[in-house]
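Trainee: For the sequence shown, position 373 (counting from the first letter as 1) is numbered 373 according to the numbering used here, and the numbering increases by one without interruption.
The C-beta atom is built at its ideal place from N, Cα and C for all residues, glycine as well.
Computed from a prediction, not measured in an experiment: that's the story for all the values here.
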Amino acid sequence: MADGRFPRDRRGERRRRGDAAGAPARRRPSQPERPILLHRLFGAIPLLVEAQSDARGRVYMSRRFDPDYAPPLPPGAVRGDIRRQSYCCDVPKYFYCDEDRTCVQCGREFVFRASEQKYWYETLQFNFSAVPVRCLGCRRKRRSEHALREQIGRAKAHIREAGANPAPHLALARALVEYHERTSQGDLDAAVAAARKAGRLWPASAEPLYWEGMAQAQAGRPAKARQALSAFLEHPALRPGSLKKNAQALAARLAMKNVSIVRSGWSGDRGDRWVDLDAWRKHIAASPDLRAADVIPVWDPLHRERRSEPRPHCAYWTGHPSGVEYLFLWRIGRFEVGIVEKHGAAEFALADFDDALRRRCEQVAAVLDAAIQE
Ligand SMILES: [Zn+2]
C-alpha cells in the first residue's frame with residue numbers, strides 16, 4: 001500500500017500502519033477460518049476474513065463476500081460478477097434469474113429478465129434498490145413523452161433565439177400536437193399559433209396547415225380542423241406521404257359527420273362538477289326515450305381503436321327521427337352529445353347537431369338544471 005493513502009494527523013506524524021515493524025498491512029489471520037453465509041438462493045457463500053486498520057491504527061478483522069465463489073446455476077439463470085456490482089450492505093448477486101413484476105402504469109405482468117438485470121447492476125452499476133416498475137412498452141412510451149417535452153423546450157428556445165426562422169415554430173406545433181395525442185395534455189392553442197406563424201413565415205410549405213388541422217381536431221373544433229386540412233390537401237406544394245394520408249382520413253371523417261369532435265378522454269382535474277347521479281337516474285327512468293349507459297365506448301379515429309370510458313353520467317337517446325342513437329353526457333353548465341356509431345362506439349360533439357336533437361338536448365338540460373338547483 002502506498003504511504004500517500006495514510007493522511008497525516010495534526011502533529012504531522014505519519015500514522016502508524018497495521019504493524020510497527022513494517023510488515024504488510026494486510027495480514028492473513030493467524031488461525032485460518034472459512035466462515036460462510038447461508039443464502040436461500042446462493043447456498044453457502046464463503047466469506048473472506050481480512051485484517052484492516054482504522055484511522056487510529058487499530059487493527060480489526062473484516063469479512064467480505066468471496067468474489068470467486070460460483071454456485072451452480074439454476075436453469076435459465078445468468079452468472080453474476082460481484083466485482084462489478086454496487087451491493088453495499090446487500091448480499092451480492094452470484095447469479096440472476098428472471099423475475100415477474102407488475103407494471104405500475106398499465107398493470108400488466110412483465111418479466112425483468114436475468115440478462116437485463118445483469119446489465120442494470122453490472123454495466124450500469126445501479127444500486128440493487130433500483131428495479132423497473134414499468135413494462136418495456138410503458139418505459140418506451142414514457143421515454144417518447146419525455147423526448148417530446150424536450151423537443152417542445154428546444155423549439156421554444158430556438159424561437160427565442162431566431163424567431164424569424166419558420167423551422168422551430170413548425171417543430172413546436174408538431175411536438176405539442178404529438179404530446180397532446182399521447183397524454184391529453186399540452187397547449188393546443190399554442191400549437192395552432194405556432195403552426196400559423198410557421199405558415200406565415202414559410203408560405204411555400206404545406207406542413208404548417210397539417211399541424212394546425214391536427215391541433216384544431218384535437219382541441220374539439222371540427223370546422224376549423226376541416227378548413228385547415230382542406231387547405232393543406234389543396235396546397236400546391238403537397239407531396240404524397242403519410243401526412244397526406246392522415247389528413248385525407250381525418251378530413252373524410254370530419255366531413256362525413258357533422259358531429260365528430262373526438263375527445264381523448266377527460267379527467268376530474270378540469271374543475272368540472274358532475275350532475276348528481278340520483279337526479280339524472282330519476283330523470284332517465286321517467287323518460288321512455290332515454291336509456292342509461294354506464295360505460296361510454298369511445299371511438300378514437302386517430303388510432304382507429306375503441307376505448308371504454310367508465311363514466312356513469314350518460315344516457316342514450318333513442319328517439320331521434322333518423323333512428324340514430326345519441327349519447328348524452330351532462331356536466332354543470334355544459335352539455336355534451338355524441339353519436340353512437342355502428343361499431344358500438346361513440347364520437348363526441350359540443351355543437352353541430354340538428355334541430356330535433358337540439359330541442360331534446362334543451363329539454364334534458366332544463367330538467368337537469370332544475371334537479372341540480374334543488
Ligand atoms: Zn406497462
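Smallest Cα separation from alanine 217: which of Ala251, Ala206, Val367, Ala114?
Mentor: Here residue 217 refers to the residue found at position 217 of the sequence shown. Of Ala251, Ala206, Val367, Ala114, the residue nearest in Cα terms is Ala251.
Trainee: Taking all protein chains shown into account, decide if glutamate 234 is buried (16 or more other Cβ within 10 angstroms of its Cβ) or exposed.
Mentor: For this step, residue 234 is matched to residue 234 along the sequence shown. Exposed, since its Cβ has fewer than 16 Cβ neighbours within 10 Å.
Trainee: How many Å lie between glycine 76 and proline 240 at the Cα?
Mentor: Taking the sequence shown and counting its residues from 1, the one referred to as residue 76 is at position 76. Taking the sequence shown and counting its residues from 1, the one referred to as residue 240 is at position 240. Cα to Cα, glycine 76 sits roughly 49 Å from proline 240.
Trainee: How would you call leucine 357, buried or exposed, if buried means at least 16 neighbouring beta carbons within 10 angstroms?
Mentor: Against the sequence shown, residue 357 aligns to sequence position 357. Leucine 357 is buried by the Cβ-count criterion.
Trainee: When you measure from the CB of cysteine 103 to every non-hydrogen atom of ligand 1, does any distance come out below 6 Å?
Mentor: Residue 103 sits at position 103 when you count from the first residue of the sequence shown. Checking the Cβ of cysteine 103 against ligand 1 gives yes.
Trainee: Could you give the residue range of the alpha helix (DSSP H) that holds valine 177?
Mentor: Here residue 177 corresponds to residue number 177 of the sequence shown, with the count starting at 1. Unbroken alpha helix (DSSP H) run through valine 177: 166-183.
Trainee: What number of angstroms, rounded off, separates the C-alpha of glutamate 178 from the C-alpha of leucine 148?
Mentor: For the purposes of this step, residue 178 is identified with residue 178 of the sequence shown, where counting begins at 1. For the purposes of this step, residue 148 is identified with residue 148 of the sequence shown, where counting begins at 1. Each residue's Cα considered, the two are about 8 Å apart.
Trainee: Hey, would you say the C-beta of proline 84 is under 6 Å away from at least one heavy atom of ligand 1?
Mentor: Working through the sequence shown from its first residue, we reach residue 84 at position 84. The question names proline, but residue 84 in the sequence shown is arginine. Answer for arginine 84: no, Cβ out of range of ligand 1.
Trainee: Using three-state DSSP, classify aspartate 189 as helix, strand or coil.
Mentor: Walking along the sequence shown from the start, residue 189 turns up at place 189. Here aspartate 189 sits in helix by DSSP.
Trainee: Is it buried or exposed for serine 146, if we count other Cβ within 10 angstroms and need 16 for buried?
Mentor: Here the question's residue 146 lines up with position 146 in the sequence shown. It should be pointed out that residue 146 corresponds to histidine in this sequence rather than to serine. When all chains shown are included, histidine 146 counts as exposed.
Trainee: Taking a contact to mean a Cβ-Cβ separation below 7 Å, would you say alanine 396 touches valine 78 in this structure?
Mentor: With the chain running from 1 to 374 in the structure shown, residue 396 is simply not present.
Trainee: Give the range of the alpha helix (DSSP H) segment to which proline 208 is assigned.
Mentor: Residue 208 sits at position 208 when you count from the first residue of the sequence shown. Element bounds for proline 208: 207-218.
Trainee: Roughly how many angstroms lie between the CA atoms of arginine 270 and lysine 282, to the nearest whole one?
Mentor: Residue 270 sits at position 270 when you count from the first residue of the sequence shown. Residue 282 sits at position 282 when you count from the first residue of the sequence shown. The predicted model places arginine 270 with a pLDDT of 39, which falls under 50 and marks its position as unreliable, so this point remains unresolved.
Trainee: Which value, in whole angstroms, describes the spacing of the CA atoms of arginine 196 and glycine 338?
Mentor: Taking the sequence shown and counting its residues from 1, the one referred to as residue 196 is at position 196. Taking the sequence shown and counting its residues from 1, the one referred to as residue 338 is at position 338. So the alpha carbons of these two residues sit roughly 30 Å apart.
Trainee: Using only the heavy atoms of ligand 1, determine whether one of them is closer than 6 Å to the beta carbon of arginine 134.
Mentor: Your numbering for residue 134 matches position 134 in the sequence shown. Yes, the beta carbon of arginine 134 sits closer than 6 Å to at least one heavy atom of ligand 1.
Trainee: To the nearest angstrom, how far is it from the Cα of leucine 41 to the Cα of leucine 73?
Mentor: One-based indexing of the sequence shown puts residue 41 at position 41. One-based indexing of the sequence shown puts residue 73 at position 73. If you take the alpha carbons of leucine 41 and leucine 73, they lie about 10 Å apart.
Trainee: Taking serine 62 as the reference, which of Ala70, Ser53, Asp68, Ala171 has the closest Cα?
Mentor: Here the question's residue 62 lines up with position 62 in the sequence shown. Selected option, being the one with the closest Cα: Ser53.
Trainee: Across the region 121-138 and the region 80-87, are there enough close Cβ pairs to call them in contact, namely three or more that are closer than 8 Å?
Mentor: Contact between the region 121-138 and the region 80-87 is present, because at least three Cβ pairs lie under 8 Å.
Trainee: What would DSSP say about cysteine 314, mapped onto helix, strand or coil?
Mentor: Taking the sequence shown and counting its residues from 1, the one referred to as residue 314 is at position 314. In the structure shown, cysteine 314 sits in a strand (DSSP, three-state: E or B).
Trainee: Do you know offhand how far serine 287's Cα is from glutamine 248's?
Mentor: Position 287 of the sequence shown, counted from the first residue, corresponds to residue 287. Position 248 of the sequence shown, counted from the first residue, corresponds to residue 248. The straight-line gap from Cα to Cα measures roughly 41 Å.
Trainee: Where does alanine 136 fall in DSSP's three states?
Mentor: Residue 136 sits at position 136 when you count from the first residue of the sequence shown. The sequence as given places leucine at residue 136; alanine does not occur at that position. It is helical.
Trainee: From alanine 190 to phenylalanine 112, what distance separates their C-alpha atoms?
Mentor: As a first step, residue 190 must be located in the sequence shown, where it is residue number 190. As a first step, residue 112 must be located in the sequence shown, where it is residue number 112. Distance between the alpha carbons of alanine 190 and phenylalanine 112 is about 40 Å.
Trainee: Would you check if the distance between the CB atom of leucine 170 and the CB atom of alanine 198 is smaller than 7 Å?
Mentor: The residue given as residue 170 occupies position 170 in the sequence shown. The residue given as residue 198 occupies position 198 in the sequence shown. Cβ distance < 7 Å, so leucine 170 and alanine 198 count as in contact.
Trainee: Cβ of cysteine 398 within 6 Å of any heavy atom in ligand 1?
Mentor: Look at the range of the chain in this structure, 1 to 374, and you will see that residue 398 is not part of it.
Trainee: At what residues does the beta strand (DSSP E) containing cysteine 109 begin and finish?
Mentor: Position 109 of the sequence shown holds residue 109. In the sequence on display, residue 109 carries glutamate and not cysteine. Run containing glutamate 109: 109-112, per the beta strand (DSSP E) assignment.
Trainee: Which value, in whole angstroms, describes the spacing of the CA atoms of cysteine 88 and aspartate 98?
Mentor: As a working note, residue 88 is residue 88 in the sequence shown. As a working note, residue 98 is residue 98 in the sequence shown. Each residue's Cα considered, the two are about 22 Å apart.
Trainee: Would you call arginine 64 buried or exposed, if buried means 16 or more other Cβ atoms sit within 10 Å of its Cβ?
Mentor: One-based indexing of the sequence shown puts residue 64 at position 64. By the 10 Å Cβ count, arginine 64 comes out exposed.
Trainee: Excluding the five sequence neighbours on either side, which residues of its own chain have a C-beta within less than 7 Å of the C-beta of alanine 237, listed in chain order?
Mentor: If you number the sequence shown from 1, residue 237 lands on position 237. Closer than 7 Å at Cβ, skipping near neighbours: Ala204, Ser205, Ala206.
Trainee: What three-state label does DSSP hand glycine 323 in the structure shown?
Mentor: Numbered from its first residue, the sequence shown carries residue 323 at position 323. Glycine 323: coil per DSSP, three-state reduction.
Trainee: Taking buried to mean at least 16 other C-beta atoms within 10 Å of its own C-beta, is tyrosine 60 buried or exposed?
Mentor: As a first step, residue 60 must be located in the sequence shown, where it is residue number 60. Tyrosine 60 is exposed by the Cβ-count criterion.
Trainee: Report the option in Cys361, Ile284, Leu329 whose CA atom is closest to the CA atom of histidine 320.
Mentor: Within the sequence shown, residue 320 is the residue found at index 320, counting from 1. Residue Cys361 is the option with its Cα nearest to histidine 320.
Trainee: Tell me the residue span of the beta strand (DSSP E) that contains leucine 47.
Mentor: Translated into the one-based positions of the sequence shown, residue 47 becomes position 47. Unbroken beta strand (DSSP E) run through leucine 47: 43-53.
Trainee: Rounded to the nearest angstrom, what separates arginine 221 and cysteine 106 at their Cα positions?
Mentor: On the sequence shown, residue 221 is found 221 positions in, with the first residue counted as 1. On the sequence shown, residue 106 is found 106 positions in, with the first residue counted as 1. In a straight line, the C-alpha of arginine 221 is about 30 Å away from that of cysteine 106.
Trainee: In the DSSP assignment, the alpha helix (DSSP H) including serine 230 goes from what residue to what residue?
Mentor: Position 230 of the sequence shown, counted from the first residue, corresponds to residue 230. Note, serine 230: alpha helix (DSSP H), 222-234.
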